[in-house]
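Engineer: Protein chains in written order, with the UniProt record's numbering: chain A, 1 to 253; chain B, 1 to 253; chain C, 1 to 253; chain D, 1 to 253. Even glycine gets a Cβ: it sits at the ideal position worked out from N, Cα and C. Just so you know, these numbers come straight off a predicted model, no measurement behind them. My structure is below; once you've seen it, I'll send some questions.
Protein chains: 4
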Amino acid sequence: MTASAEPIRVGVLGAHGRMGGQAVKAVREATDLDLVAAVDVEDSLSALTDAGADVVVDFTHPDAVMDNLRFAIEHGIHAVVGTTGFTDDRIATVTGWLADKPELGVLIAPNFALGAVLAMRFAQQAARFYAAAEVIELHHNRKADAPSGTAAHTARLIARARADAGLAPGTDATTAQLAGARGADIEDVPVHSVRLPGLVAHEEILFGAEGETLTIRHDSLDRVSFMPGVLLGVRTVPHRPGLTVGLEHVLDL
Amino acid sequence: MTASAEPIRVGVLGAHGRMGGQAVKAVREATDLDLVAAVDVEDSLSALTDAGADVVVDFTHPDAVMDNLRFAIEHGIHAVVGTTGFTDDRIATVTGWLADKPELGVLIAPNFALGAVLAMRFAQQAARFYAAAEVIELHHNRKADAPSGTAAHTARLIARARADAGLAPGTDATTAQLAGARGADIEDVPVHSVRLPGLVAHEEILFGAEGETLTIRHDSLDRVSFMPGVLLGVRTVPHRPGLTVGLEHVLDL
Amino acid sequence: MTASAEPIRVGVLGAHGRMGGQAVKAVREATDLDLVAAVDVEDSLSALTDAGADVVVDFTHPDAVMDNLRFAIEHGIHAVVGTTGFTDDRIATVTGWLADKPELGVLIAPNFALGAVLAMRFAQQAARFYAAAEVIELHHNRKADAPSGTAAHTARLIARARADAGLAPGTDATTAQLAGARGADIEDVPVHSVRLPGLVAHEEILFGAEGETLTIRHDSLDRVSFMPGVLLGVRTVPHRPGLTVGLEHVLDL
Amino acid sequence: MTASAEPIRVGVLGAHGRMGGQAVKAVREATDLDLVAAVDVEDSLSALTDAGADVVVDFTHPDAVMDNLRFAIEHGIHAVVGTTGFTDDRIATVTGWLADKPELGVLIAPNFALGAVLAMRFAQQAARFYAAAEVIELHHNRKADAPSGTAAHTARLIARARADAGLAPGTDATTAQLAGARGADIEDVPVHSVRLPGLVAHEEILFGAEGETLTIRHDSLDRVSFMPGVLLGVRTVPHRPGLTVGLEHVLDL
Numbered sequence: 001m002t003a004s005a006e007p008i009r010v011g012v013l014g015a016h017g018r019m020g021g022q023a024v025k026a027v028r029e030a031t032d033l034d035l036v037a038a039v040d041v042e043d044s045l046s047a048l049t050d051a052g053a054d055v056v057v058d059f060t061h062p063d064a065v066m067d068n069l070r071f072a073i074e075h076g077i078h079a080v081v082g083t084t085g086f087t088d089d090r091i092a093t094v095t096g097w098l099a100d101k102p103e104l105g106v107l108i109a110p111n112f113a114l115g116a117v118l119a120m121r122f123a124q125q126a127a128r129f130y131a132a133a134e135v136i137e138l139h140h141n142r143k144a145d146a147p148s149g150t151a152a153h154t155a156r157l158i159a160r161a162r163a164d165a166g167l168a169p170g171t172d173a174t175t176a177q178l179a180g181a182r183g184a185d186i187e188d189v190p191v192h193s194v195r196l197p198g199l200v201a202h203e204e205i206l207f208g209a210e211g212e213t214l215t216i217r218h219d220s221l222d223r224v225s226f227m228p229g230v231l232l233g234v235r236t237v238p239h240r241p242g243l244t245v246g247l248e249h250v251l252d253l
Numbered sequence: 001m002t003a004s005a006e007p008i009r010v011g012v013l014g015a016h017g018r019m020g021g022q023a024v025k026a027v028r029e030a031t032d033l034d035l036v037a038a039v040d041v042e043d044s045l046s047a048l049t050d051a052g053a054d055v056v057v058d059f060t061h062p063d064a065v066m067d068n069l070r071f072a073i074e075h076g077i078h079a080v081v082g083t084t085g086f087t088d089d090r091i092a093t094v095t096g097w098l099a100d101k102p103e104l105g106v107l108i109a110p111n112f113a114l115g116a117v118l119a120m121r122f123a124q125q126a127a128r129f130y131a132a133a134e135v136i137e138l139h140h141n142r143k144a145d146a147p148s149g150t151a152a153h154t155a156r157l158i159a160r161a162r163a164d165a166g167l168a169p170g171t172d173a174t175t176a177q178l179a180g181a182r183g184a185d186i187e188d189v190p191v192h193s194v195r196l197p198g199l200v201a202h203e204e205i206l207f208g209a210e211g212e213t214l215t216i217r218h219d220s221l222d223r224v225s226f227m228p229g230v231l232l233g234v235r236t237v238p239h240r241p242g243l244t245v246g247l248e249h250v251l252d253l
Numbered sequence: 001m002t003a004s005a006e007p008i009r010v011g012v013l014g015a016h017g018r019m020g021g022q023a024v025k026a027v028r029e030a031t032d033l034d035l036v037a038a039v040d041v042e043d044s045l046s047a048l049t050d051a052g053a054d055v056v057v058d059f060t061h062p063d064a065v066m067d068n069l070r071f072a073i074e075h076g077i078h079a080v081v082g083t084t085g086f087t088d089d090r091i092a093t094v095t096g097w098l099a100d101k102p103e104l105g106v107l108i109a110p111n112f113a114l115g116a117v118l119a120m121r122f123a124q125q126a127a128r129f130y131a132a133a134e135v136i137e138l139h140h141n142r143k144a145d146a147p148s149g150t151a152a153h154t155a156r157l158i159a160r161a162r163a164d165a166g167l168a169p170g171t172d173a174t175t176a177q178l179a180g181a182r183g184a185d186i187e188d189v190p191v192h193s194v195r196l197p198g199l200v201a202h203e204e205i206l207f208g209a210e211g212e213t214l215t216i217r218h219d220s221l222d223r224v225s226f227m228p229g230v231l232l233g234v235r236t237v238p239h240r241p242g243l244t245v246g247l248e249h250v251l252d253l
Numbered sequence: 001m002t003a004s005a006e007p008i009r010v011g012v013l014g015a016h017g018r019m020g021g022q023a024v025k026a027v028r029e030a031t032d033l034d035l036v037a038a039v040d041v042e043d044s045l046s047a048l049t050d051a052g053a054d055v056v057v058d059f060t061h062p063d064a065v066m067d068n069l070r071f072a073i074e075h076g077i078h079a080v081v082g083t084t085g086f087t088d089d090r091i092a093t094v095t096g097w098l099a100d101k102p103e104l105g106v107l108i109a110p111n112f113a114l115g116a117v118l119a120m121r122f123a124q125q126a127a128r129f130y131a132a133a134e135v136i137e138l139h140h141n142r143k144a145d146a147p148s149g150t151a152a153h154t155a156r157l158i159a160r161a162r163a164d165a166g167l168a169p170g171t172d173a174t175t176a177q178l179a180g181a182r183g184a185d186i187e188d189v190p191v192h193s194v195r196l197p198g199l200v201a202h203e204e205i206l207f208g209a210e211g212e213t214l215t216i217r218h219d220s221l222d223r224v225s226f227m228p229g230v231l232l233g234v235r236t237v238p239h240r241p242g243l244t245v246g247l248e249h250v251l252d253l
């Protein structure tokens, strides 16, 4: 990655939050980026314009993010957004705001973990070459939902890639089953959820064909792992006008 | 393993079957064993006595095995049995036959795979030290039952070891679940079954406690892997009078 | 995968060999392919032209393959070649032969295992997003070379992808090392070779960044796993004029 | 685990250190234990006797631990020691002190991670049943030594168990090797060290025989995982007179 001649001037919104705090630290440590504003809920957004921010990073709250984005777009500031809650309506609204600012870039990403995004992309690419696929996701035993959102999304991507390639569902010869043994069925892709203390967040995608298997595994231990994805967004968004949803589109695979 | 001074004279019943054929080959290749009879369904059992067999290995059929065993015990031949179908009744019958021959040893084992037996034993030993455990078994997609018998048995052994140690069931915070995601429930131990072409027979036992996990995995690719267990049985059974059920008892762990 | 209206007419050279035999079987079982000739060393190549083959599959010998290819190209038959021994000189020679037949396609692939090719491709794609990478390959204990050719090639692909992205070598804080502990060094990518009976052919590629790891693993148990790659080549090569070296180019990732 | 009628009165030395602090917390949370003293370097050891401690936990420093132990033994307090630096000389000295107090128990353990201790024990038990074994240990890239002490110790335990069983070294057919590919050689057991950011502390022990492999893996993410071992020591040591070195002896496997 070649640093641009001039450092990119970055403001962080939600700077006192867990993710925002990590972003502040990551921007500070990057030699090609300048942290020019660290803004939290009690501060005014004008800190961004006062500081001449080129890009704003938003890890705030669904209640605040739309106002933040409108401000950024009005003032010609590119945006990288990790805040959740983006419905189709909200996406349409942001697209409308950007219509008047064709040079501005906005990246909204539900998942900044490069490894998770790569694992999903590889799963999509591999899916059409294999007779069948299954997903195992493993998390700590305090997690409330099973399967995880990432695993369910991965299963759907695999199912679609298989359908696009004209593949029939994987054959399953199971005739006698204890309820649940074969996992949850997401569009014919079985998904298994393991919950144990000592685990953090792990996903394993298995593909099988006669005589071979391919496994893609992502182990996530710490939210610091989201920062390379955030910084990649910050570096890319000034050169990528319009709205981009999903980190996978800036990975340039 | 020190070879005894005199080679042990071994007869194999079911010598033309898949497992019996492997046993013939394995006995032949062992320098401390002499293959003295290879008997199949069309042959007379007297081949064993004619050849002076010390130990007979039985990989025949549930319909034949009881007659074979009675013959062996009557003629003072130790026995190693891999044939299935041993109900409690049959076990009691064999015990009765052995009452008159206190010097004879019979080993009946449902599973001669050393690795599978070791994995189950270790799972039992580890169970009481962990807050929770889960089992993942992975097999080729032609398997009819889920979970596998070995995985179900492993889960039960874990559950009993936990109960013996006074442990409560592992806590599971799952409140929103897609049916099947958390696997089959075997006495509070979740068991997950993966079925893919390209797999053979694999079992993974996961234990979790705060800050750590322990995983025991057995991968079985070929029935040749049962032979070391069979040979261990052949070498052990002359020195182990009475009936032994389960290879784990001769492993001397 | 949509079958073309007319089945493709396929001839197999080396039909009695281990790989060729598998190819004969795989072509026979594919509904969109017609096996029109199964040729071995004692047969004449004219069997291909007599049978009107569209595509020839060559699993023969380095001593025979160039004559085979010249014959195929002269007679307007596309070729899929798994035979080894293609030096730069041989590649140049084949390119020369194809100059006069611009409509013909030839695919030469050192590795037809889709999973191995996908694993290498994904490793290349992931490499620039991670601070460091290592490769572990695991094979049966009869293998003569360490590391395997595939693992060494994978390490080189990773090293090149890292260099292309301007990444410095992964930092290694090891100051006290028992010789060999950190593996073989292939362009700054450590490669570890495990050799055990019970293993077949396995490759694991590990990528690490702060707080996360990504692992890509390929398990190959049987050469039947090469057949989907061969069939993909057979279906693709008529629409891909010129010489293609490496299955990865027809995967269309 | 059944709690004794009376809670055990526990004092912690090194209470402000990283491990000692965890021990203070763990003792506090255990319903069958009473934290009666939390002592650090600036405090007097008499706090232990004033509080009537039954057991002292020592996570201090090699320079302090011998004085602490002498004090505990003189005053009839059992001890659980995680401090390092116990040479044969020191062990002999402690044994001498204990000669006059036959009812007192002292447990000195270099490793309180139950999972690591179990993994080593299982490796020892499995070793004699397999033709060959290898160890892979994986740590973060700030680790200075390779292989890890635990992996080297595990390899030695395997080597000894193999020797005790009369097994020859595993055969290795490698004839062409890139230096280091086959790992470090510890008494004929290959050990491979992987170093990547994103890893914490992981050990994998692989055993192979014809047709099968057995893998034991321990993943350690946080030093909180040492606490169950410490508490097990505290509960056991009053009933285990004399000196015990190594947590494995109190696991009662």
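(1) Please go through the same chain and pick out, in chain order, the residues whose beta-carbon is closer than 6 Å to the beta-carbon of residue 158 of chain D, but skip the five residues on each side of it.
(2) Just list the beta strand (DSSP E) runs in the region 107-191 of chain B, keeping only unbroken ones of 3 residues or longer that don't cross its boundaries, in chain order.
(3) Give a yes or no on whether the minimum CB-CB distance between residue 200 of chain B and chain C is below 8 Å.
(4) With C-beta atoms as the reference, is residue 82 of chain C less than 8 Å away from residue 230 of chain C?
(5) Step through the CB atoms of chain B and report whether any lies within less than 8 Å of the CB of residue 1 of chain D.
(6) Could you tell me the distance, in whole angstroms, from the CA atom of residue 215 of chain B to the CA atom of residue 129 of chain A?
(7) Whose C-beta lies closer than 6 Å to the C-beta of residue 45 of chain D among residues of the same chain, with five residues either side of it excluded?
(8) By how many angstroms is the C-alpha of residue 156 of chain A removed from the C-alpha of residue 8 of chain C?
(9) For residue 193 of chain C, return the contacting residues in chain D, with the cut-off set at a CB-CB distance below 7 Å.
(10) Give me the Cα-Cα distance between residue 170 of chain C and residue 206 of chain C, rounded to the nearest whole angstrom.
(11) In or out: residue 102 of chain C buried (at least 16 other Cβ within 10 Å) or exposed?
(12) Under the rule that 16 or more other beta-carbon atoms within 10 Å means buried, what is residue 239 of chain D, buried or exposed?
(13) List the endpoints of the continuous alpha helix (DSSP H) containing residue 207 of chain D.
(14) Determine, using beta carbons only, whether residue 93 of chain B and residue 75 of chain B come nearer to each other than 8 Å.
(15) Is the beta carbon of residue 39 of chain D less than 8 Å from the beta carbon of residue 80 of chain D?
(16) Does DSSP classify residue 44 of chain D as helix, strand or coil?
(17) Apart from the five residues just before and just after residue 21 of chain D, which ones in its own chain have a Cβ nearer than 8 Å to its Cβ?
(18) Closer than 7 Å by beta-carbon distance: list the chain B residues that pair up with residue 197 of chain A, in chain order.
(19) Looking at chain A, which residues of the region 215-234 of chain D have a Cβ within less than 8 Å of any of its Cβ atoms?
(20) In its own chain, which residues sit with a C-beta less than 8 Å from the C-beta of residue 196 of chain A, not counting the 5 before and 5 after it?
(21) Whose C-beta lies closer than 7 Å to the C-beta of residue 208 of chain B among residues of the same chain, with five residues either side of it excluded?
(22) Less than 8 Å between the CB atoms is what I'm expecting for residue 226 of chain B and residue 66 of chain B, so what's the real figure, rounded?
(23) Opposite residue 80 of chain C in the DSSP bridges: which residues?
(24) Please report the distance separating the alpha-carbon of residue 221 of chain A from that of residue 213 of chain A.
(25) Distance, Cα to Cα, residue 78 of chain A vs residue 154 of chain C?
(26) For the beta strand (DSSP E) holding residue 12 of chain A, just list the boundary residues, first then last.
(27) With residue 257 of chain C and residue 168 of chain D assumed to form a contact (beta carbons below 8 Å), what rounded beta-carbon distance in angstroms separates them?
(28) Run through chain D and tell me which residues come within less than 7 Å of residue 173 of chain C, C-beta to C-beta.
(29) Which residue from D:61, D:24, D:150 puts its Cα closest to that of residue 115 of chain D?
(30) Would you mind working out which of A:173, A:161, A:41, A:98 sits nearest residue 144 of chain B, comparing C-alpha positions?
(31) Please determine, among D:84, D:41, D:42, D:107, the residue with the shortest C-alpha to C-alpha distance to residue 62 of chain D.
(32) What residues from the region 102-124 of chain C come within 7 Å of chain A, judged by C-beta to C-beta, listed N to C?
(33) Hey, out of C:253, C:245, C:250, whose CA is closest to residue 109 of chain C's CA?
Structural biologist: According to the data block:
(1) So the qualifying residues of the chain are 123, 127, 133, 189.
(2) With a minimum length of 3 residues, the continuous beta strand (DSSP E) runs that stay inside the region 107-191 of chain B are 132-139, 184-186.
(3) The beta-carbon of residue 200 of chain B is placed less than 8 Å from the nearest beta-carbon of chain C.
(4) Yes, they are a contact pair.
(5) Low confidence applies here, because residue 1 of chain D scores a pLDDT of 46, under 50, leaving its location unreliable; read the following figure in that light. Answer yes: the Cβ-Cβ gap between residue 1 of chain D and chain B drops below 8 Å somewhere.
(6) The C-alpha of residue 215 of chain B lies about 30 Å from the C-alpha of residue 129 of chain A.
(7) Closer than 6 Å at Cβ, skipping near neighbours: 71.
(8) The straight-line gap from Cα to Cα measures roughly 34 Å.
(9) Close partners of residue 193 of chain C in chain D (Cβ separation under 7 Å): 181, 182.
(10) So the alpha carbons of these two residues sit roughly 13 Å apart.
(11) When all chains shown are included, residue 102 of chain C counts as exposed.
(12) Residue environment analysis places residue 239 of chain D among the exposed positions, since fewer than 16 neighbouring C-beta atoms fall within 10 angstroms of its C-beta.
(13) DSSP places residue 207 of chain D outside any alpha helix (DSSP H); the residue lies instead in the beta strand (DSSP E), whose first and last residues are 201-209.
(14) No, these two residues do not count as a Cβ contact at 8 Å.
(15) Remark: C-beta atoms of residue 39 of chain D and residue 80 of chain D do not approach each other more closely than 8 Å.
(16) In the structure shown, residue 44 of chain D falls within a coil segment according to DSSP collapsed to helix, strand and coil.
(17) Spatial neighbours of residue 21 of chain D in its own chain (CB-CB distance under 8 Å, excluding positions within 5 residues in sequence) are listed in chain order as 15.
(18) The CB of residue 197 of chain A comes closer than 7 Å to the CB of 131, 132, 208, 209, 210 in chain B, given here in chain order.
(19) Residues are counted here when their Cβ sits less than 8 Å from a Cβ of chain A; for the region 215-234 of chain D these are 219, 221, 225, given in chain order.
(20) Answer for residue 196 of chain A: 138, 140, 141, listed in chain order.
(21) Same-chain partners within the cutoff: 130, 131, 132.
(22) Between the beta-carbon of residue 226 of chain B and that of residue 66 of chain B there is about 22 Å, and that puts the pair past the 8 Å contact cut.
(23) Paired residues: C:57, C:107.
(24) Each residue's Cα considered, the two are about 26 Å apart.
(25) The alpha-carbon atoms of residue 78 of chain A and residue 154 of chain C are separated by roughly 38 Å.
(26) Here the beta strand (DSSP E) through residue 12 of chain A covers 8-13.
(27) Look at the range of chain C in this structure, 1 to 253, and you will see that residue 257 of chain C is not part of it.
(28) Below the 7 Å Cβ cutoff, chain D contributes 141, 142, 143, 144 as neighbours of residue 173 of chain C, in chain order.
(29) Of D:61, D:24, D:150, the residue nearest in Cα terms is D:150.
(30) Cα-wise, what sits closest to residue 144 of chain B is A:173.
(31) Nearest option by C-alpha distance: D:84.
(32) Considering only beta carbons, the part of the region 102-124 of chain C lying closer than 7 Å to chain A consists of 113, 114, 115, 118, 119, 122, in chain order.
(33) Minimum Cα distance to residue 109 of chain C is reached at C:245.
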